[in-house]
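Per this note's numbering, numbering through the sequence shown is continuous, rising by one, with the last residue being 297. Scroll down for the structure; my scribbles are underneath it.
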Amino acid sequence: MAQIIDGRKVSDKVREAVREEAARFVAKHGYKPKLAVVLAGEDPASQIYVRNKEKGCAEVGMDSEVRRLPATIRQEELTAKVRELNADKSVHGILVQIPLPEGLSEQAVLGEIDPRKDVDGLHPLNMGKLLKGDDSGFVPCTPQGVIELILSTGIDISGKEAAVIGRSNIVGKPTALLLMQRHATVTICHSRTKDLGTVLRRSEIVVSAVGSARLVTGEMVKPGAVVIDVGTNRVAGKLVGDVDFDSVKEAAGYITPVPGGVGPMTIAFLLKNTLRAAQLLAP
Ligand code: NAP
């Protein structure tokens with residue numbers, strides 16, 4: 015029977031450290047680190063995420079502001095908003111909430127963010143730095159949270175067989191790179207992977223970032239494996255992950271619940287990245 019990894023508890027520690035460090039920052043510089051979130055359109059899930067980010071900033075003594083823009087905004091106007099925030103000295107972290115409304119290019123807008131304020135780590139420069147193993151850049155928040163959750167179990171990642179399911183720029187790819195940096199042997203799986211079960215059954219670490227309920231079941235998991243469930247799915251009004259929790263918890267050594275696993279870690283590392291941006295930009 016697996017031990018449950020308590021993401022709230024692990025994230026509280028990260029947040030507490032950020033709160034202390036932010037207080038030192040304010041004492042030294044006389045202003046608060048500030049996150050600016052650009053929210054285009056009315057996507058209900060995005061509205062909740064953005065509210066949680068504002069709340070998270072306030073809880074650790076940092077400022078935030080949300081620029082709400084209509085879904086009908088044109089690409090050039092969105093670019094202009096980002097450039098305004100790039101030039102605003104009171105703003106240290108910029109996050110463009112994704113998904114953008116239809117017709118707007120994510121790639122184009124992410125490339126406009128000043129890489130020094132890119133707290134989501136999605137600017138090509140920061141993605142390139144991660145690929146090269148240059149730790150002067152910003153790393154996406156959820157993958158950092160995943161690594162912290164694995165480390166919280168006390169296992170040594172080095173030399174382990176790890177499987178990452180999903181190859182997105184925001185979760186799958188950076189998670190695989192971070193695991194590789196820590197010397198795991200990583201297999202990246204995606205929608206064309208022929209036999210997911212065969213890959214998972216040899217993996218001591220499994221990270222699922224797909225968005226498909228019950229994708230990973232108990233018989234696919236190696237006994238004792240660490241299973242991190244990034245997925246979020248609505249099933250009959252309930253939030254569930256990608257992992258069939260009841261069957262997988264019988265086989266795994268450690269497992270994250272949904273909710274209460276990866277979710278709280280993402281915000282904690284967003285706060286950490288914002289504080290770091292403010293520190294690096296400080297005179
Ligand atoms: P995404 O961009 O849609 O990527 C999903 C990935 O899953 C793709 O690489 C896709 O493969 C792969 N995939 C789809 N069906 C598959 C299957 N049957 N078997 C294996 N792989 C399959 O999603 P994302 O942005 O990375 O997010 C993934 C999930 O994590 C979502 O549920 C999202 O809500 C959740 N999420 C949670 C947090 C959090 O803080 N808790 C943060 C971010 C994301 P292809 O590349 O071949 O299409």
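From the three backbone atoms N, C-alpha and C, an ideal C-beta is built for every residue, glycine too.
Check	Outcome
Nearest to L118 by alpha carbon, out of I19, V240, G211 and R88?	R88
State buried or exposed for H137, treating a residue as buried only when at least 16 other CB atoms are found within 10 Å of its CB.	buried
Counting beta carbon pairs with one atom in the region 169-187 and one in the region 29-38, are three or more of them shorter than 8 Å?	no
Got a sec: does ligand 1 put a non-hydrogen atom nearer than 8 Å to the Cβ of V235?	no
Helix, strand or coil for K208? Go by DSSP, reduced to three states.	coil
Secondary structure at T201, three-state DSSP: helix, strand or coil?	strand
Using a Cβ-Cβ cutoff of less than 6 Å, which residues in the same chain neighbour A282 once the five nearest sequence positions on both sides are dropped?	S25, V28 and R29
Locate the beta strand (DSSP E) running through L109, then write down its first and last residues.	G107 to V110
Closer than 8 Å is the cut-off here; do at least three beta carbon pairs connect the region 257-266 with the region 106-114?	no
Look at the alpha carbon of G251 and the alpha carbon of A296, and state the distance between them as a whole number of angstroms.	45 Å
Output the boundary residues of the beta strand (DSSP E) element that contains I179.	E175 to I179
Answer with yes or no whether the minimum CB distance from G225 to chain C is below 9 Å.	No chain C appears in this structure, which consists of one protein chain only.
What does a CB cutoff of less than 8 Å around H204 pick up in its chain, not counting 5 residues either side in sequence?	I179, G180, R181 and G186
When DSSP builds the beta bridges, which residues end up paired with L49?	S78 and G107
Put N183 into one of helix, strand or coil per three-state DSSP.	coil
Cβ atoms of P113 and T86: under 9 Å apart, would you say?	no
Assuming contact is defined by CB atoms lying nearer than 9 Å, are I18 and T189 in contact in what I supplied?	no
For Q158, which option in K103, K23 and I184 has the closest C-alpha, if you only look at C-alpha atoms?	I184
Tell me whether V257 counts as near ligand 1, meaning its Cβ is closer than 8 Å to at least one heavy atom of that ligand.	no
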